[in-house]
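Here's the structure, in structure tokens; my notes come after.
Numbering (the numbering used here), first residue to last: 71 to 551.
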């Protein structure tokens with residue numbers, strides 16, 4: 071019974087601390103903290119922080135064994151030897167030879183649900199596309215082609231006609247572009263209508279693709295990002311089959327591995343080589359990783375869940391720091407004024423300890439998030455936890471120099487953090503209004519504030535109520551919409 075009572079007591083303290091964090095950081099947070107958070111989120115610094123923590127989360131997840139089966143996606147890359155020996159080092163690729171390669175892939179994977187082609191197959195003057203179009207038209211739902219950019223290329227009219235011909239035949243096309251963050255290919259987002267999204271959704275046709283273009287020009291810059299985390303294990307060691315020009319060998323490899331999705335791209339030269347948290351990868355590999363992420367149900371937690379987890383994390387850290395701070399109060403603070411050594415420990419070593427504890431907690435939370443991600447596909451970014459934690463270190467805990475507040479129950483947190491301050495603001499507002507009314511009726515209370523000071527009190531009490539309760543609630547509601 072004692073362990074059960076201890077567990078129930080701990081859960082009661084945790085619930086009180088969680089409510090304290092939720093209320094003090096939102097309903098009663100200071101305008102300084104809220105303003106700092108808003109300013110930070112609108113800067114490149116915040117975006118860089120998010121990108122850096124996302125890369126760390128991605129590496130952590132890729133190092134863990136996958137808890138669920140990685141979708142059977144294979145990447146076929148035309149390497150330098152294949153480009154030289156099979157295609158004669160000529161670009162655009164010879165259409166007849168390319169058709170033969172596509173027919174080989176098609177025959178080798180009869181059970182494949184989709185074959186994605188991350189190559190520019192748009193026509194150029196003097197190149198016939200009829201044989202390719204006829205081949206795709208035989209089984210249009212099986213193929214996903216890179217949509218040609220009809221706005222930036224000088225051969226725009228011909229490329230537009232090619233796109234229209236594919237759409238008429240029912241061939242699916244998707245955007246071949248990959249978003250980037252600070253020089254790295256994004257592992258969090260893809261563009262709406264990307265190759266991976268179209269390949270994973272058999273119902274994604276040309277009409278839906280056209281709707282992804284939001285800008286008037288209709289070019290790549292008009293595409294919006296959508297949350298689409300890549301499969302970490304696939305980026306690390308996904309199935310890659312090089313094509314060196316030997317069709318028979320490629321057919322044998324595909325038949326032996328029997329993938330359900332195939333992504334064909336190029337790996338000759340370095341023009342399509344992109345940086346990732348796990349090193350350089352070719353564009354086709356990243357499209358395949360994004361496709362594996364969609365098929366494996368990789369998904370990012372919504373903002374509300376991220377905030378709730380951050381509050382829970384802060385509640386746990388608060389409880390731990392509260393225990394440590396009791397030791398500081400008992401062993402250091404009573405002697406810190408009179409003894410330099412104790413003052414050094416209380417004012418320098420304790421703040422450093424607090425920061426180390428918070429950093430260790432953030433790293434532990436990132437590891438737990440990675441484990442959850444590989445087991446379920448559900449990813450809770452650690453960037454939100456880290457940002458909330460260090461804003462608290464800076465503005466609330468003041469590097470450990472402020473006294474840490476501890477609440478042992480929900481009722482305690484509710485009364486002290488929410489009810490009491492709002493009641494105090496409201497009473498002050500009513501009292502100031504009553505004083506002004508007394509002055510207007512020329513019956514002021516004995517010893518009451520003068521008119522100017524009563525006006526100041528009225529305005530300040532109203533500002534306190536709005537800034538510490540009203541505005542934070544509105545901001546939070548707006549952010550979670």
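For glycine and all other residues, C-beta sits at the position ideal for the given N, C-alpha and C.
Counting only residues of its own chain and dropping the five nearest sequence neighbours on each side, residue 129 has a CB closer than 6 Å to the CB of 347. Measuring C-alpha to C-alpha distances from residue 319 to each of 229, 404, 178 and 351 identifies 178 as the nearest. With a cutoff of 7 Å on beta-carbon distance, residue 282 and residue 298 are scored as not near each other. One alpha carbon belongs to residue 206, the other to residue 276, and they sit about 15 Å apart.
Going by DSSP, residue 492 is part of the alpha helix (DSSP H) stretching over 490-510.
Judged by DSSP in its simplified three-state form, residue 349 adopts strand. Spanning the alpha carbons of residue 403 and residue 429 requires a straight line of approximately 25 Å.
Restricting attention to beta strand (DSSP E) runs no shorter than 3 residues, the segment 182-207 encloses them at 184-187, ordered along the chain.
Residue environment analysis places residue 300 among the buried positions, since at least 16 neighbouring C-beta atoms fall within 10 angstroms of its C-beta. In the DSSP annotation of this structure, the continuous segment of the beta strand (DSSP E) that includes residue 243 starts and ends at 242-244. One thing to note: residue 450 has its Cβ no nearer than 7 Å to the Cβ of residue 504. In the three-state scheme derived from DSSP, where H, G and I count as helix and E and B as strand, residue 387 is classed as helix. Partner residues in the beta bridge of residue 331, as assigned by DSSP, are 143 and 184. Just measuring C-alpha positions, the residue of 492, 525, 229 and 394 sitting nearest residue 243 is 229.
Look at residue 123 here: in three-state DSSP terms it is helix. Residue 310 is bridged by DSSP to 145. Taking the CA atoms as reference points, residue 332 sits about 19 Å from residue 167. In this structure the segment 137-156 does not lie against the segment 457-474, because fewer than three pairs of beta carbons, one per stretch, are closer than 8 Å. Leaving aside the five residues that flank residue 134 on each side, the residues in its chain whose CB is nearer than 7 Å to its CB run, in chain order, 440, 441 and 444. Bounds of any alpha helix (DSSP H) do not take in residue 519, whose DSSP letter is neither H nor E.
With a cutoff of 7 Å on beta-carbon distance, residue 524 and residue 498 are scored as not near each other. Comparing alpha-carbon positions, the option among 427, 157 and 354 lying closest to residue 189 turns out to be 354.
If the five residues before and after residue 528 are omitted, its C-beta is found closer than 8 Å to the C-beta atoms of 499, 502, 503 and 506, all from its own chain and listed in chain order.
Counting of Cβ neighbours within 10 angstroms places residue 365 among the buried residues, the total reaching 16 or more. Beta-bridge analysis with DSSP links residue 264 to 245.
If you look at residue 427, you'll find it in the alpha helix (DSSP H) that goes 420-446. In the displayed model, residue 254 falls within a strand according to three-state DSSP. DSSP lists 449 as the bridge partner or partners of residue 370.
If you compare the alpha carbons of 232, 415 and 295 with that of residue 195, the shortest gap goes to 232. The segment 413-427 makes contact with the segment 380-396: 3 or more CB pairs, one atom from each, lie closer than 8 Å. For residue 446, the closest C-alpha among the options 172, 236 and 369 is that of 369. Between the segment 309-325 and the segment 257-274, the count of Cβ pairs shorter than 8 Å is below three; the stretches do not touch. Sixteen is the threshold: when 16 or more other Cβ atoms of the shown chains lie within 10 Å of the Cβ of residue 351, as they do, the residue is buried. Note that the segment 211-218 touches the segment 234-249; at least 3 beta-carbon pairs, one per stretch, sit closer than 8 Å. Taking C-beta separations shorter than 6 Å and ignoring five residues to either side along the sequence, residue 114 has no partners in its chain.
Per DSSP, the unbroken alpha helix (DSSP H) holding residue 405 starts and ends at 403-406.
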